[in-house]
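Contents: one structure, followed by commentary.
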Amino acid sequence: MIKEYPRVPRNALYSQEDDALQTFAEIDSPNAVHAISFEEQQKVMRWVQQLEPMKTMNRNHTSYSLKGMFERSPEGFYIPNGVMKEIMYLMGFKSDNQHELNWNFNVTERSVKALKDKNKR
């Protein structure tokens, strides 16, 4: 688990607001995973299990786009961006741009496409 991530990314729309750190903690920090129940975390984990890792980063998809895919899936529901970041991390995926608002992960394009196709049915 990522224990602490206190820096608000500069490209966050709310970065100049007085309550930027609180907003970040609620929606974009990996610690947002604590805002959903254990059962909901397990549902997200089961969805993420369908993704396959690769050695390099996939720049075509971010935590935010993966979160949107999950939400549109049959078992999906709203989750903050930070939840997807933490679940991906917990499931063994890596990110090389954790200083950014939306993280890229080492997920294969084939597995992302397979999930998209599955959701279209």
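Plus 100 on top of the position in the sequence shown (first one is 1) and you've got my numbering.
Glycine included, C-beta positions come from ideal geometry on N, C-alpha and C.
Taking Lys216 as the centre and dropping the five residues before and after it, the same chain places the C-beta of Met169 closer than 8 angstroms to its C-beta, in chain order. Taking the C-beta atoms as reference points, Asn219 is found no nearer than 8 angstroms to Arg146.
Within the DSSP bridge table, the entry for Thr162 names Asn204 as partners. DSSP places Ile179 outside any alpha helix (DSSP H), giving it a letter other than H or E.
Judged by DSSP secondary structure, Asp217 falls within the alpha helix (DSSP H) whose first and last residues are Glu209 to Lys220.
Around Ser211, the same chain offers Gln150, Leu151 and Glu152 as residues with beta carbons nearer than 8 angstroms, after the five sequence neighbours per side are excluded. In the three-state reduction of the DSSP assignment, Met191 falls in the coil class.
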